[in-house]
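Data first, discussion second: the structure below is written as structure tokens.
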Amino acid sequence: MLVEATNTVEFAAKACIAALERKIHVVLMNSEIDLLLGPYLHHVAKKNGVIITSDAGDQYGVIARMAREIQMWGFKLVMLGNIKGFLNRYATMKSMVKEAEKRHLEIHSCVGQTDGTKISIEMALLCNAFNFKPIIPGMFGPRCNHVHDALDVFDFDQYDQGVVDYILGAQPGGGVFVIGKCEDKLQQFYLNYYKLWGKPPHYLFYRPNHLCHLETPRAIAT
1 MLVEATNTVE FAAKACIAAL ERKIHVVLMN SEIDLLLGPY LHHVAKKNGV
51 IITSDAGDQY GVIARMAREI QMWGFKLVML GNIKGFLNRY ATMKSMVKEA
101 EKRHLEIHSC VGQTDGTKIS IEMALLCNAF NFKPIIPGMF GPRCNHVHDA
151 LDVFDFDQYD QGVVDYILGA QPGGGVFVIG KCEDKLQQFY LNYYKLWGKP
201 PHYLFYRPNH LCHLETPRAI AT
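Numbering (UniProt numbering), first residue to last: 1 to 222.
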């Protein structure tokens, strides 16, 4: 099995295609290649009788796993959400040198995580997977204190289909969330009884973290 985690595009494409053509399963821990060539790589994998799948531990993988489970419980998916700690759309290679060194990141990766490129790629992957859309181009990204505030800063009734977005600076940092809709009165009673945070018919589900290095083995195992 190949776990592709380089965050490159050209090299990753060649490596993935070579592996698939040799009938080797592939896990993509690389959202860039996943978005750009995912459907084509799936075609190559299917042709060769092997599997290519997205990572289970990065934000988009964790959100997708949550969303599938919430769907299974009978909720209508309204929003798939990310929690971003900081955003500087004018970050440059020069301005991010010290931050990249501090976080042990390659400079281009650090810039992409800072200027919104990375989160846009990840949420685009979710749009493609669930047939959702961003509220506005580039997403809205309101600043919040806590993920609970997501129920207050978005008007879910105005969206004609499921949407993706993020909240900025909210706790828990590194978390992700899903908004589900349930109009069944009996279920609403029990959801309230079990203290699920919500403003009926909309309910908030969230995880306080995503742990790529620990959760990627889930994708390998399954």
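All C-beta atoms, glycine included, are put in the ideal place defined by N, C-alpha and C.
None of the values given here were measured: they were computed from a predicted structure.
Would you mind reading off the limits of the beta strand (DSSP E) that contains residue i?
i: S95; result: Per DSSP, S95 belongs to no beta strand (DSSP E) and is neither H nor E.
i: V178; result: V176 to K181
i: H202; result: H202 to R207
Go ahead and pull the three-state DSSP assignment for residue i.
i: I24; result: coil
i: V3; result: strand
i: I83; result: strand
i: I51; result: coil
i: G112; result: helix
i: Q171; result: strand
i: F154; result: coil
i: H146; result: strand
i: Y190; result: helix
i: L125; result: helix
i: P217; result: helix
Starting from residue i, follow the alpha helix (DSSP H) in both directions and report where the run begins and ends.
i: K195; result: No alpha helix (DSSP H) contains K195, which DSSP labels as neither H nor E.
i: D34; result: S31 to K47
i: M66; result: Q59 to M72
Between residue i and the rest of its own chain, which residues show a CB-CB distance below 8 Å, the 5 nearest in sequence each way excluded?
i: E32; result: N7, T8, V9, A12 and I121
i: R89; result: D115 and G116
i: P208; result: P172, G174 and G175
If contacts are defined as beta-carbon pairs under 8 Å, then residue i and residue j qualify, I think. What distance do you get, rounded to the angstrom?
i: Y206; j: G175; result: 6 Å
i: L80; j: V153; result: About 15 Å separates the two Cβ atoms, so there is no contact after all.
i: G57; j: L214; result: 7 Å
i: G85; j: G173; result: 5 Å
i: L20; j: N48; result: 5 Å
Please return the same chain residues whose Cβ sits closer than 7 Å to the Cβ of residue i, not counting the five positions on each side in sequence.
i: M96; result: I107, C110, V111 and T114
i: L37; result: A13
i: K181; result: F75, K76, V78, P201 and H202
i: H148; result: W197 and L204
In its own chain, which residues sit with a C-beta less than 6 Å from the C-beta of residue i, not counting the 5 before and 5 after it?
i: C16; result: E4, V26 and L41
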